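Numbering (the UniProt record's numbering), first residue to last: 1 to 135. Glycine included, C-beta positions come from ideal geometry on N, C-alpha and C. Quick caveat, the model's predicted, so the values are computed rather than measured. This report concerns only the one structure given below.
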């Protein structure tokens, strides 16, 4: 209150009070400046924190997509290997049947009546007895 009166010029303050008012206003200015700096730093910290969180989320999303793609590729590979094995078994089974029937001296037309021989799968019988199979 004394400092305000001194500023308005209503009553001249004593020299010791004037010195105290000067120190008080200087301290208030420094405190206000420190608060502004703190507020600016706090805002910068919050913005940086938000950016870091968004980048972390993006990395996590990309890692999940990569894991999903790896799993999908692994499943496709397993499926392909399974199909390949099944086709190999099918060809081997047909080859064995053909050899058994050929051993008896039968032709392709004669094999039609044999049990277990599916002629729809056999496309052609080559000269050396190998099968061409429709997969």
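_Between the CA atoms of residue 67 and residue 92 - distance to the nearest angstrom_ = 37 Å
_Contacts around residue 22, its chain only, beta-carbon distance under 8 Å, and the 5 residues preceding and following it disregarded_ = none
*When the Cα atoms are used, what is the spatial distance from residue 37 to residue 30?*
11 Å
*Does the beta-carbon of residue 98 have 16 or more other beta-carbons within 10 angstroms, so that it is buried, or is it exposed?*
buried
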